[in-house]
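So the structure is just underneath, and the comments pick up after that.
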Amino acid sequence: MPHRPYAYAIAIAMLSGLIAAVGALVLDLPLRDPDGVAGPSYIRLPAIVLVALLADIVPRAWYRTPRMIDFFTTARTILGQRWSWARLRVVVIGLGCFYLSYVSYRNIKSFLPAVTEPVYDDFLAATDRLLLFGHRPADVLHDLLGVGVSAHVLSWVYVSYLLFVPVSLAAALVWTANVRRGFWYVTALCLNWLLGALSYYAIPSLGPGYVRFGDFSDLPDTGVAALQEGLLRSRIFVISDPIGTEAVQGIAAFASLHVSVVVTAALIAHRLGLHSWIRWTLWTYTGLTVLATIYFGWHYLADDIGGALIAYLSVAVGAKATGYEPWSLRRIPQTPDDDPSAHDVASRSEAADQQSVDSQGSDEGVSNARRTGSANG
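All residue numbers for the sequence shown refer to my numbering, where the first residue is 1081 and numbers rise by one.
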């Protein structure tokens, strides 16, 4: 097992940052925070840590506390038991790797108009028609699913990805006592961003929704429609004034990072043997995400296939980085191979839970004994 399961994640994040920095220097373009509207990173990252900690501590304190007056004392006890400085450091490392990889990815993607033209849309569209015997995938889905309720449902699925990514990251870092398994997902996510950014330069394209507007004119106004319009405006701003604008260009078709990230989560959940409802939910979400990318014209079929391949490669590299079998799709046996420090944390927490229950039982026993003694006297 690697001594530090986060070593690969750090290396991938640093490589992504280096590529973004070199690209900015060569192209004479600024590096930007793509999510600046949500506040600077020195506010966002601690906020993510705080929310994750509360999500881990509050339910446990609520469960252990028989009286509300003892809630905060219990919460402080749980904080000390489960969240040593060593474990907090691991969470911060994971968030830092993810954030550096993601910001680098968004900047590398934004450099596209300055480097290349989207010349592969015709080729990808022809590939779609070849695979579907002359039909366009989006037209087929519009005919099968309609353009009413289905559009709103699939729009919700597509936009929910923006929440899925940070929530799944927090779950991997906070809601598992196994550092290796958490960093398997973190490493795979970081590699998703890097490989996805590079794929945009390998096969530059915009996607059918931006090339053939008419094919999607019958769709209703949804969150996806607003997102597509906003991305198009940002692209125009970047092309017209790449230095002065604060916008970040975010349009690229091949490969689909929506597909790659959700497939990554589903694959890792499958291999770890998580609860069946989690696995089935993730695979269902993956299928709906694939439909949404085609339905709204974000991607061609080849883009989604490319995204799935990126996911498989990222999961394999992440497995190798954290000491698991890289290329297998078989589930990992539930053996005590966790990181020793993680076992200590989990054991202390379980012991504390049991001690809390035992102490409540002891208090009740003493009280009953006193009442019995009084009655006998």
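Cβ atoms here follow ideal geometry from the backbone N, Cα and C, with glycine treated the same way.
Keep in mind the model is a prediction, meaning the values are calculated, not measured.
- Counting only the Cα atoms, A1282 lies some 12 Å from G1386.
- Straight-line measurement puts the Cα of A1257 at about 17 Å from the Cα of V1247.
- The three-state reading of DSSP puts I1128 in helix, counting H, G and I together.
- In this structure, G1174 lies away from W1264, with their beta-carbon atoms at least 8 Å apart.
- At the C-beta level, L1371 and S1285 stay beyond 8 Å of one another.
- The beta carbon of V1343 is closer than 6 Å to those of T1366, A1388, A1391 in its chain, skipping five residues each way along the sequence.
- For M1148, no alpha helix (DSSP H) segment is defined, and its DSSP state is neither H nor E.
- Inter-residue distance for C1177 and C1270 is about 7 Å (C-alpha atoms, whole angstroms).
- Annotated three-state conformation of E1309 is helix, per DSSP.
- Selection D1384, L1225, S1181, I1188 evaluated against L1105 yields I1188 as nearest (Cα-Cα).
- Inclusion of A1194 and L1274 in the CB contact set at 8 Å is not warranted, their separation being larger than that value.
- Pairing Y1241 with H1338 gives a Cβ-Cβ distance under 8 Å.
- Leaving aside the five residues that flank V1318 on each side, the residues in its chain whose CB is nearer than 8 Å to its CB run, in chain order, S1190, P1193, T1325, A1327, V1328, Q1329.
- Measuring C-alpha to C-alpha distances from V1229 to each of I1158, G1287, D1298 identifies D1298 as the nearest.
- Counting C-beta pairs closer than 8 Å gives three or more between the region 1348-1364 and the region 1404-1412, which meets the contact rule.
- In this structure, S1184 places its C-beta atom within 8 Å of the C-beta atom of A1100.
- Listed in chain order, the non-local C-beta contacts of H1232 below 8 Å within the same chain comprise P1300, T1302, local neighbours out to five positions each way being set aside.
- Here Y1200 is buried. Its C-beta has 16 or more other C-beta atoms within 10 Å.
- CA-to-CA, the gap between K1400 and R1147 works out to about 47 Å.
- In this structure, Y1290 sits near L1312, with a CB-CB distance shorter than 8 Å.
- Straight-line measurement puts the Cα of I1331 at about 23 Å from the Cα of L1095.
- Boundaries of the alpha helix (DSSP H) around I1092: 1087-1107.
- For W1255, the closest of L1381, I1137, G1377, R1084 by C-alpha to C-alpha distance is I1137.
- Between V1245 and I1149, the alpha-carbon positions lie close to 36 Å from each other.
- Rounded to whole angstroms, E1197 and V1304 show a C-alpha spacing of 24 Å.
- For F1203, the enclosing alpha helix (DSSP H) begins and ends at 1201-1211.
- Short of 7 Å from the beta carbon of I1128, and not among the five residues preceding or following it, lie these beta carbons of its own chain, in chain order: L1175, P1246, A1250.
- Note on the region 1334-1410: whole alpha helix (DSSP H) runs with a minimum of 4 residues are 1337-1352, 1356-1375, 1381-1401, in chain order.
- Here the alpha carbon of A1089 sits roughly 12 Å from the alpha carbon of G1097.
- In the structure shown, T1256 adopts coil according to DSSP, grouped into three states.
- Annotated three-state conformation of A1327 is coil, per DSSP.
- In the structure shown, the three-state DSSP call for W1163 is coil.
- Counting the other Cβ atoms within 10 Å of the Cβ of D1202 gives fewer than 16, which makes it exposed.
- Per the coordinates, the alpha-carbon of I1158 lies some 11 Å from the alpha-carbon of L1133.
- Rounded to whole angstroms, G1103 and I1123 show a C-alpha spacing of 27 Å.
- The beta carbon of T1145 sits closer than 6 Å to the beta carbons of F1151, T1154 from its chain, once the five residues preceding and following it are set aside; these are given in chain order.
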